[in-house]
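Q: Everything in the sequence shown is counted per my numbering, starting at 55 for the first residue and increasing by one.
Glycine included, each C-beta is placed from N, C-alpha and C at the ideal position.
Provided herewith is a single structure, encoded as structure tokens, for subsequent inquiry.
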Amino acid sequence: GWTDTYRKQLNITRMLKAANDRYVTAHFGKWDHRYDEISPAQQGYDFSDGYTSNGTGGSKGSGGPAAMPDPKRIDTITDKALHFIVRNHHRKKPFYLQLSHYAVHLDVFYNQQTLEAFRKRSPGRKHTMPEFAAMTADMDSGIGRILDKLEELEMLKNTWLFFLSDNGGRNSIPKAQAAKEHLNAPLRDGKHSFYEGGIRVPFIVLGPGVKPGSVNNIPVSGVDLLPTLAELSGYVKPLPENIDGGSIRELLVGDGLKTVKRKEPFLIFHQGVDRKVISAIRLGNYKLVKTWREDRLELFDIERDIGESIDLSKKMKSKTDELHGLLLKYLNEVNADTGPRRQKGKQR
Numbered sequence: 055g056w057t058d059t060y061r062k063q064l065n066i067t068r069m070l071k072a073a074n075d076r077y078v079t080a081h082f083g084k085w086d087h088r089y090d091e092i093s094p095a096q097q098g099y100d101f102s103d104g105y106t107s108n109g110t111g112g113s114k115g116s117g118g119p120a121a122m123p124d125p126k127r128i129d130t131i132t133d134k135a136l137h138f139i140v141r142n143h144h145r146k147k148p149f150y151l152q153l154s155h156y157a158v159h160l161d162v163f164y165n166q167q168t169l170e171a172f173r174k175r176s177p178g179r180k181h182t183m184p185e186f187a188a189m190t191a192d193m194d195s196g197i198g199r200i201l202d203k204l205e206e207l208e209m210l211k212n213t214w215l216f217f218l219s220d221n222g223g224r225n226s227i228p229k230a231q232a233a234k235e236h237l238n239a240p241l242r243d244g245k246h247s248f249y250e251g252g253i254r255v256p257f258i259v260l261g262p263g264v265k266p267g268s269v270n271n272i273p274v275s276g277v278d279l280l281p282t283l284a285e286l287s288g289y290v291k292p293l294p295e296n297i298d299g300g301s302i303r304e305l306l307v308g309d310g311l312k313t314v315k316r317k318e319p320f321l322i323f324h325q326g327v328d329r330k331v332i333s334a335i336r337l338g339n340y341k342l343v344k345t346w347r348e349d350r351l352e353l354f355d356i357e358r359d360i361g362e363s364i365d366l367s368k369k370m371k372s373k374t375d376e377l378h379g380l381l382l383k384y385l386n387e388v389n390a391d392t393g394p395r396r397q398k399g400k401q402r
């Protein structure tokens with residue numbers, strides 16, 4: 055089954071250890087494999103917090119925003135990361151460290167001192183919740199401590215840092231006084247959606263040769279991380295043919311590269327039957343969203359309509375058919391679970 059494959063397939067930790075058996079690996083923070091109970095150790099991590107959870111980092115749900123010591127375990131995670139970095143720096147060991155913060159997942163926890171600083175500020179046009187701002191700032195401070203330590207140890211010249219999220223932001227913050235104000239505008243929808251509000255996330259990279267403040271608008275995905283780290287680490291073996299992603303190294307340090315060389319020229323997003331079955335495919339400026347139960351197709355020009363307010367599926371039927379065909383072909387090749395769906399009044 056897929057869980058057995060997942061335990062054996064090439065991943066970042068196995069790839070790095072194959073590239074250089076001196077690599078030391080660690081994962082601290084959220085480890086949410088609730089459906090298969092695979093541990094970090096089984097996935098190749100030498101050090102970790104073990105199987106943890108989603109959301110709160112072990113803190114009891116507060117029912118709403120709350121101040122507390124070590125909110126979202128930010129301080130604990132950061133302290134473990136710093137110890138790991140310093141230890142392997144002194145041992146002259148190459149390392150891979152993944153921090154999966156519980157922030158900024160709900161519930162909203164923060165340091166009281168941080169909250170007070172934001173309460174002194176005037177509300178913004180869109181962001182008006184100082185509690186959420188405080189939680190985000192606390193996480194940012196933790197990341198800042200790591201950057202400071204890398205600078206102190208003179209490690210920035212040969213260290214790569216990737217900052218990204220696993221999904222888009224929420225449309226609203228439950229139980230917040232101004233819940234209706236916390237929208238992802240101009241992006242449409244939010245977490246659990248395959249509109250841009252659900253899948254477009256921050257992606258920030260710091261590393262040797264990356265020009266500070268530079269911006270690249272070429273679409274990339276989390277599936278590109280393994281091929282990128284393989285190139286950066288000197289992994290010389292051919293990657294498995296079923297790897298979907300491609301290295302983005304030249305986007306980061308190159309000049310003028312406009313594409314990522316992947317197995318296929320498109321990006322695929324798919325959510326199976328454990329939730330509402332939806333799929334999306336992005337090729338160039340165009341993106342097709344398929345809602346399976348309603349058998350609904352929507353086509354958007356993301357370059358001109360980032361808010362996905364204009365459905366072009368009827369106007370551009372040939373482009374819709376092209377993307378739909380590519381999507382169905384890919385899902386069939388990987389045996390994706392699309393589940394029963396309603397079509398023409400029948401369930402099948």
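(1) Quick check for students: name the residue ranges of the beta strand (DSSP E) that lie wholly in the region 82-162, counting only runs of 3 or more.
(2) Does S287 come out as helix, strand or coil in the three-state DSSP assignment?
(3) For G223, I'd like the list of residues in its chain whose CB is within less than 6 Å of its CB, leaving aside the five on either flank, ordered along the chain.
(4) Look at the Cβ atom of K344, then the Cβ atom of L337, and state whether they are nearer than 8 Å.
(5) Taking DSSP as the reference, what is the three-state secondary structure of Y77?
(6) For a quick check, are the C-beta atoms of L136 and K71 less than 8 Å apart?
(7) Please go through the same chain and pick out, in chain order, the residues whose beta-carbon is closer than 8 Å to the beta-carbon of E295, but skip the five residues on each side of it.
(8) Among all the DSSP beta bridges, which residues are the ones paired with Q325?
(9) Between the C-alpha atoms of A284 and P292, what's the straight-line distance to the nearest angstrom?
(10) Flag this pair as yes or no: are the beta carbons of W85 and T59 separated by less than 8 Å?
(11) Which same chain residues end up closer than 7 Å to Y77 when comparing Cβ atoms and leaving out the 5 residues on each side of it in sequence?
(12) Just the C-alpha distance for A334 and H143, rounded to the nearest angstrom, thanks.
(13) To the nearest angstrom, how far is it from the Cα of H246 to the Cα of N221?
(14) Can you have a look at Q63 and say buried or exposed, based on whether 16 or more other CB atoms are within 10 angstroms of its CB?
(15) Could you tell me the alpha carbon to alpha carbon distance between T190 and F216, rounded to whole angstroms?
(16) Which residues in the same chain have their Cβ closer than 7 Å to the Cβ of E362, if we skip the five residues on either side of it in sequence?
(17) How many Å lie between I356 and V277 at the Cα?
(18) With a floor of 3 residues, list each beta strand (DSSP E) that falls wholly inside the region 347-372, ordered by position along the chain.
(19) How close, in whole Å, do the beta carbons of G98 and R68 come, if the pair is a contact with beta carbons under 8 Å?
(20) Would you call A95 buried or exposed, if buried means 16 or more other Cβ atoms sit within 10 Å of its Cβ?
(21) Nearest to D359 by alpha carbon, out of P240, L321, P123?
(22) Cα separation between S195 and L201?
(23) Is L210 helix, strand or coil when you go by DSSP?
(24) Can you give the beta carbon distance from A80 to F138, rounded, assuming they're within the 8 Å contact cut?
(25) Do you know how far the Cα of D100 is from the Cα of R329?
(26) Using beta-carbon positions only, say whether L321 and H378 come within less than 8 Å of one another.
(27) Among Y340, P184, I332, which residue has its Cα nearest to the Cα of R347?
(28) Looking only at DSSP bridge pairs, what is F186 linked to?
(29) Taking D365 as the reference, which of R141, R179, Y340, N225 has the closest Cα?
(30) I'd like to confirm the pairing. Which residues does DSSP put opposite V343 in its beta bridges?
(31) Return the CA-CA distance between Q401 and I128, expressed in angstroms with no decimal places.
(32) Can you list, in chain order, the residues of its chain with a C-beta nearer than 8 Å to that of D192? Leave out the 5 residues immediately preceding and following it.
(33) Classify V277 as helix, strand or coil using the three-state DSSP reduction.
(34) Can you tell me whether D90 is buried or exposed, with buried defined as 16 or more other CB within 10 angstroms of its CB?
(35) Which residues in the same chain have their Cβ closer than 8 Å to the Cβ of K211, if we skip the five residues on either side of it in sequence?
A: So, from the data block:
(1) DSSP runs (the beta strand (DSSP E)) wholly in the region 82-162: 149-154.
(2) As a first step, residue 287 must be located in the sequence shown, where it is residue number 233. The answer is helix: DSSP assigns S287 an H, G or I state.
(3) Translated into the one-based positions of the sequence shown, residue 223 becomes position 169. Excluding sequence neighbours, G223 sits near N238, G244.
(4) Within the sequence shown, numbered from 1, the residue matching residue 344 stands at position 290. Within the sequence shown, numbered from 1, the residue matching residue 337 stands at position 283. Cβ atoms of K344 and L337: not closer than 8 Å.
(5) Stepping through the sequence shown from its first residue, residue 77 is reached at position 23. Of the three classes helix, strand and coil, the one that applies to Y77 here is coil, per DSSP.
(6) Start at 1 with the first residue of the sequence shown, and residue 136 comes out as number 82. Start at 1 with the first residue of the sequence shown, and residue 71 comes out as number 17. No, they are not a contact pair.
(7) In the sequence shown, the residue the question calls residue 295 occupies position 241. Taken in chain order, the residues that qualify are K317.
(8) Looking up residue 325 in the sequence shown gives position 271. Partner(s): I332.
(9) Stepping through the sequence shown from its first residue, residue 284 is reached at position 230. Stepping through the sequence shown from its first residue, residue 292 is reached at position 238. If you take the alpha carbons of A284 and P292, they lie about 10 Å apart.
(10) Looking up residue 85 in the sequence shown gives position 31. Looking up residue 59 in the sequence shown gives position 5. Not in contact: W85 and T59 (Cβ atoms no closer than 8 Å).
(11) Within the sequence shown, the letter at position 23 stands for residue 77. Here the set comprises L70, K71, P148, F149, Y150.
(12) Here residue 334 refers to the residue found at position 280 of the sequence shown. Here residue 143 refers to the residue found at position 89 of the sequence shown. About 42 Å.
(13) Your numbering for residue 246 matches position 192 in the sequence shown. Your numbering for residue 221 matches position 167 in the sequence shown. For H246 and N221, the gap between their C-alpha atoms comes out near 8 Å.
(14) Mapped onto the sequence shown, residue 63 falls at position 9. Exposed.
(15) As a working mapping, residue 190 is identified with position 136 in the sequence shown. As a working mapping, residue 216 is identified with position 162 in the sequence shown. Computed Cα separation, rounded: 17 Å.
(16) The count along the sequence shown starts at 1 and reaches residue 362 at position 308. Counting only Cβ-Cβ distances below 7 Å, and skipping sequence neighbours, we find R242, Y249, E250, F354.
(17) Counting from 1 along the sequence shown, the entry for residue 356 is found at position 302. Counting from 1 along the sequence shown, the entry for residue 277 is found at position 223. Approximately 20 Å between the Cα atoms of the pair.
(18) Counting only runs of 3 or more, we get 350-355.
(19) Walking along the sequence shown from the start, residue 98 turns up at place 44. Walking along the sequence shown from the start, residue 68 turns up at place 14. Contact flag correct, Cβ pair sits at about 5 Å.
(20) Counting from 1 along the sequence shown, the entry for residue 95 is found at position 41. Burial call: exposed.
(21) In the sequence shown, the residue the question calls residue 359 occupies position 305. With distances taken between Cα atoms, D359 lies closest to P240.
(22) Residue numbering aside, residue 195 sits at position 141 when the sequence shown is read from its first letter. Residue numbering aside, residue 201 sits at position 147 when the sequence shown is read from its first letter. A direct Cα-Cα distance of roughly 10 Å separates S195 from L201.
(23) Here residue 210 corresponds to residue number 156 of the sequence shown, with the count starting at 1. Three-state DSSP puts L210 in a helix.
(24) Here residue 80 refers to the residue found at position 26 when the sequence shown is read from its first residue. Here residue 138 refers to the residue found at position 84 when the sequence shown is read from its first residue. 5 Å between Cβ atoms; contact.
(25) Along the sequence shown, one-based indexing puts residue 329 at 275. Along the sequence shown, one-based indexing puts residue 100 at 46. Between R329 and D100, the C-alpha separation is close to 33 Å.
(26) Working through the sequence shown from its first residue, we reach residue 321 at position 267. Working through the sequence shown from its first residue, we reach residue 378 at position 324. It is not a contact, given that the beta carbons lie outside the stated cut-off.
(27) Translated into the one-based positions of the sequence shown, residue 347 becomes position 293. Among Y340, P184, I332, the Cα nearest to that of R347 belongs to I332.
(28) Walking along the sequence shown from the start, residue 186 turns up at place 132. The partner list for F186 (beta bridge, DSSP) is empty, contrary to what the question assumes.
(29) Walking along the sequence shown from the start, residue 365 turns up at place 311. Minimum Cα distance to D365 is reached at Y340.
(30) Start at 1 with the first residue of the sequence shown, and residue 343 comes out as number 289. According to DSSP, residue pairing for V343 in a beta bridge involves A334, E352.
(31) Reading the sequence shown from its first residue, position 347 is the one you call residue 401. Reading the sequence shown from its first residue, position 74 is the one you call residue 128. With a pLDDT of 40 at Q401, under the threshold of 50, the predicted position of this residue should be treated as unreliable, though the coordinate-derived value follows. Those two C-alpha atoms are separated by around 47 Å.
(32) The sequence position of residue 192 within the sequence shown is 138, counting from 1. Closer than 8 Å at Cβ, skipping near neighbours: P125, K126, I128, A157, Y164, N165, T168.
(33) Along the sequence shown, one-based indexing puts residue 277 at 223. For V277, the secondary structure class from DSSP, reduced to helix, strand or coil, is helix.
(34) Counting from 1 along the sequence shown, the entry for residue 90 is found at position 36. That one is exposed.
(35) The residue given as residue 211 occupies position 157 in the sequence shown. If we look at K211 and ignore the five residues flanking it on each side, its Cβ neighbours are P262.
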